[in-house]
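Worksheet: one structure, shown below.
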Amino acid sequence: MIFFLHADLELQKINKFSGTNWRKNFMKIKKLFLILTAVFFGGIAMAQNSNSSKKLLIAYFSWGGNTRGIVQEIANQIRADIFEIEPKVPYSTNYNTVLKQAQEDQHKNARPELNATVKNFSEYDTIILGYPNWWASIPMPVATFLESYDFAGKTIMPFCSHGGGRFGQSISAITKLAPDAKIIQGLYVHYSGGSTLKSDIAKWLKDSEI
Ligand SMILES: Cc1cc2nc3c(=O)[nH]c(=O)nc-3n(C[C@H](O)[C@H](O)[C@H](O)COP(=O)(O)O)c2cc1C
1 MIFFLHADLE LQKINKFSGT NWRKNFMKIK KLFLILTAVF FGGIAMAQNS NSSKKLLIAY
61 FSWGGNTRGI VQEIANQIRA DIFEIEPKVP YSTNYNTVLK QAQEDQHKNA RPELNATVKN
121 FSEYDTIILG YPNWWASIPM PVATFLESYD FAGKTIMPFC SHGGGRFGQS ISAITKLAPD
181 AKIIQGLYVH YSGGSTLKSD IAKWLKDSEI
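Per full-length UniProt numbering, the very first residue in the sequence shown carries number 1; after that it's consecutive.
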């Protein structure tokens, strides 16, 4: 707006100018051109950054670190707050034991207590929700997380790290647990992702208008 006013004033000055000194006139036209160029590119920059006004939260659960690594790559590409979904009682670090614990949790439809809450959850527009595929669905701490907040008016962008089962049933589980959220296109990553992880994430974020 200021640019436009300034440009308009410059134009008025040029209109008043008698035309006797072509060099001065040329300088004024050059100045006007520079102002209009700045307005044009400034407008483009503002349009490109318009989505950065969305307040983003990356909330994730990770047992073995793969999902955490993907979160780090996402955080390299966008500005977002990060919240780790951690159960108060940690799962075993032993693979065979955690397999059993996770299956038991799922059969019981458990809601493991979490050790922290998101401050000012209502301020976030979009929640990027990351988790490993556990027994073809979400780990149950993610269920606790989804039931702990009001997702009305929020967008969830799910992503999962998996060992071959991609999303499994996890998207329908999330839909049931956060029925008021708008759930948009997700991203699945094989284990920690391959050499295309960076570009896969960049494309996903771009397609999701983030
Ligand atoms: C308890 C448990 C259950 C799993 N179930 C599945 C599954 O059903 N389908 C699948 O593709 N991968 C499964 N996996 C593999 C994980 O999804 C995969 O290793 C993922 O990269 C782990 O992410 P994390 O390192 O962030 O925990 C399972 C892993 C664990 C520990």
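Heads up, the beta-carbon is just placed ideally off N, CA and C, and yes, glycines get one too.
Because the structure is a prediction, the values reported are computed rather than measured.
Shown here, Ala59 sits in a strand according to DSSP, grouped into three states. Under the DSSP assignment, Tyr95 falls in the alpha helix (DSSP H) whose first and last residues are Tyr95 to Lys108. Look at Val89 here: in three-state DSSP terms it is coil, with no helix or strand label. For Ser161, the distance from the CB to the nearest heavy atom of ligand 1 is below 7 Å. Phe145 sits away from Asp180, with the two beta carbons spaced by 8 Å or more. By the Cβ neighbour-count rule, Asp125 is exposed, with fewer than 16 other Cβ atoms within 10 Å of its own. The criterion of a C-beta distance shorter than 8 Å is satisfied by Ile58 and Ile128. Rounded to the nearest angstrom, the Cβ distance from Asn115 to Glu86 is 5 Å, consistent with a contact under 8 Å. The beta carbon of Phe167 lies closer than 8 Å to those of Asn133, Pro158, Cys160, Gly186 and Tyr188 in the same chain, with the five residues before and after it left out.
Contact check for Ile201 against Gln77 passes: the beta carbons are separated by less than 8 Å. Relative to Gln103, the option among Ser122, Ile82, Leu177 and Trp135 whose CA is nearest is Trp135.
Looking from the CA of Glu209, the closest CA among Lys30, Leu56 and Lys28 belongs to Leu56. Distances taken from the Cβ of Asn94 to the heavy atoms of ligand 1 include none shorter than 7 Å. The Cβ atoms of Tyr91 and Phe121 lie no closer than 8 Å to each other. Look at Val189 here: in three-state DSSP terms it is strand. Looking from the CA of Ser192, the closest CA among Pro141, Gly163, Trp204 and Tyr95 belongs to Gly163.
Inter-residue distance for His107 and Met140 is about 10 Å (C-alpha atoms, whole angstroms).
Closer than 7 Å to some heavy atom of ligand 1: that does not describe the Cβ of Leu187.
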